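Heads up, the sequence shown is in our numbering, so the first residue is 12 and it goes up one at a time.
No residue lacks a Cβ here, since even glycine has one placed at the ideal position from N, Cα and C.
From a predicted model like this one, the values you see are computed outputs, not experimental measurements.
So the structure is just underneath, and the comments pick up after that.
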Amino acid sequence: MSKFDTTEIRALIDRRHSQITIEKWMRDNIFDMDIAEKFGREVVEVSHRAEFVLGALFLHVEEHQGGRGLEGGKSELARRLEIPRQTAQRYEQAFLGLRRLEEKMPSAGQVLEIEPSKLALIESSPEPDSIMEDTVSRLDRGEVPSYREIEAQVTEQRLQRQREILDSEPSTKYRPEPLQYTNVWEFIKTEYDFDDKHSFGNAFPEVLEHILYYFTEPGDCIVDPMAGMGFSKGICNQYHRNCLMYDIEPRSEDITYNDMTEGLPEEAKGCDLIYLDPPYFNIRVKDAYNGEVEDFYEFIKRIAEVSYDTVKLGGKVAFMMMDKTIEEYQCLTAECYRIFREVGFACIMRVSSPYPEHIVTTGFGVNYARTEKKLVGRDRVIYIFQKDSE
């Protein structure tokens, strides 16, 4: 087969076929790696939002790699299609989620209400069946759950699983899974709400998990002065760390109002680690700095000084930042590093935690890079600073 029928590909992508039909189509048409590669490339050409079909393709070559012509399975296909491993995994999860949903809800019209990213998230949860049952129940009532609502359910399941581990094996020092072993921390995230200007730039919970694991001990006091949605306390509880949360706009009763530029409360003095995820100059609340990078640096200098006055001798500060790449490039990470060093901190580790490629190259990122011929930033730097002297 030299070229696949575009109409048929479009029908597969638009989900006018059930997952059973898609799987049968794969068995009938994809029988060696060259054909799988050709089909995958043509699917991408027809639509960049073909997660279900690509997920079915990766599963097909993996399940049949023992047969003649499909040696190497999904790893080989991902290499040929130049698709990152984590993205390929997300496609698989989306298709597996579709399979699970159709088993519980045969109505195609209702199934179409669920985006691939939501199904991939459900499939990644410890107990996907329970979340899927709730999703089906809501669809039956004419409600479409948002990504954030599903994410909250998945997060609660994961935290509950951690609680069960700690309760059953109290002597076990829980660690993140999967644990990152190098100073490059990469995590899967299926979607961000690009309609919310405050959402892109938020740290993944896994980042704090790894900071706690590598740079703190049970019983330590963790201070989050820019707590945002307040997820840090739940994670600290699971790792047997104490947590104090503050923010200028408290969003829960666990968060106390405080403006860090004016200092931190007395109860925070002598803490073991301060977790700093400040607003990024080019992404989040730029208006707070009057659009001037000099004002931003003054803000960073102030929070560095407050951190130095607050954390105990030998205590640490985990500071996250991204460079400014939209419009004019500015290496914010290097300048922030200089500011913290001048205040008196030593840097004991630099970690790179890039956003998954599919987040940055969705929509605006792709268009900006193509039209402006400028690289879009996705690398988030985490500096671990330590107070070595009074």
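The Cβ atoms of F69 and E103 sit closer than 7 Å to each other.
For I285, the three-state secondary structure derived from DSSP is strand. Judged by beta-carbon spacing, P156 lies within the 7 Å limit of R149, meaning their Cβ atoms are closer than that value.
Closest in C-alpha terms to R96, from the list R110, H75, R111, L65, comes L65.
At the C-beta level, G241 and S263 come within 7 Å of one another.
In the DSSP assignment, the residues bridged to F330 are L287, Y394.
In the DSSP assignment, I233 is bridged to C254, L284. Straight through space, the alpha carbons of K385 and K398 are spaced by roughly 38 Å.
Rounded to whole angstroms, the separation of the alpha carbons of L132 and L88 is 23 Å. Annotated three-state conformation of V195 is strand, per DSSP. Between R349 and E126, the alpha-carbon positions lie close to 44 Å from each other. Annotation: the continuous alpha helix (DSSP H) that includes C347 extends over 343–354. Under the Cβ criterion (8 Å, minimum of three pairs), the stretch 344–364 does not count as touching the stretch 239–258.
If you check the CB distance, A238 and D258 come in under 7 Å. Here K35 is exposed: its Cβ has fewer than 16 other Cβ atoms, across all protein chains shown, within 10 Å. Counting the other CB atoms within 10 Å of its CB gives C347 a total of 16 or more, which places it among the buried residues. The criterion of a C-beta distance shorter than 7 Å is satisfied by H71 and I41.
Beta-bridge annotation (DSSP): I266 is paired with M256.
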